[in-house]
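The sequence shown maps to residues 0 to 144 in numbering that gives the first Met the number 0. Virtual Cβ for every residue (Gly too), placed ideally from N, Cα, C. Keep in mind the model is a prediction, meaning the values are calculated, not measured.
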Amino acid sequence: MALLLRDELEDVDMRRVTDMCIVHDLGECFTGDIPTFQKTASDRVTEDGLLREWVSSLPAGLSAELTELFDEMEAQQTKEAKVFKALDKLEALIQHNESPLDTWSENEFELNLTYAFDTVAFSDWLTELRREILSDTRQKLANET
């Protein structure tokens, strides 16, 4: 998503956002991709610890660069970190909209209607994207239930 949106958010360094997305996905290489709605705090600690351990084994310059990026992602202070987090959550919603309803867990019906609005609130563009995803969710629920 970051690659596809690189021309939509002009005041954001989308290359940095793309790097954040890759670093985030690297953590899932160690634990598997646990669905966002099922991931626990313990899962996050394990994933983050394994990723940091791996990053520390890299050559010093690359290790420092990835550690800085990871710290920025966790701090959620920059526009880039906020866009990364928003895209991560929006992508999960889009995946659910593309999946058959019989694969949704009970809590996902409500979450797909309410999830991530707070995360995108800093950006009008991302808020509008979230509304479009909500529209798709409502249409899916109306057509398949």
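Only counting the same chain, and skipping five residues up and downstream in sequence, which positions put a Cβ closer than 6 Å to that of LYS78?
VAL11
Between GLU2 and the rest of its own chain, which residues show a CB-CB distance below 7 Å, the 5 nearest in sequence each way excluded?
Checking the sequence, you will find Leu at residue 2 rather than Glu. These residues qualify, in order along the chain: THR17.
Counting C-beta neighbours from all protein chains within 10 Å, is the total for THR118 16 or more, i.e. buried, or is it exposed?
buried
Taking 8 Å as the cut-off, does the CB of VAL54 come closer than this to any heavy atom belonging to the ligand MN?
The ligand content of the structure shown is nil, which means the ligand MN is not present either.
Is it buried or exposed, LEU161, if we count other Cβ atoms within 10 angstroms and call 16 or more buried?
Residue 161 lies beyond the residue range present for the chain, which begins at 0 and ends at 144; the question has no answer from this structure.
Just how far apart, CA to CA, sit ALA115 and LEU50?
25 Å
Threshold first: 4 residues or longer. Then list the alpha helix (DSSP H) segments lying entirely within the stretch 1-79, N to C.
13-30, 40-55, 59-74
When you compare the CB positions of LEU112 and LEU89, do they come within less than 9 Å of one another, or not?
no
Could you tell me which of PHE29, VAL82, PHE108, HIS23 sits nearest to THR66, measuring between CA atoms?
HIS23
I'd like to know whether the C-beta atoms of ASP70 and CYS20 end up nearer to each other than 9 Å.
no
Could you please give the first and the last residue of the uninterrupted alpha helix (DSSP H) stretch that includes LEU128?
123-143
Using a threshold of 9 Å, state whether the C-beta atoms of SER122 and ALA85 are closer than that.
yes
For ALA120, name the three-state secondary structure that DSSP assigns.
coil
So THR113 is in the alpha helix (DSSP H); what residue range does that whole segment cover?
105-113
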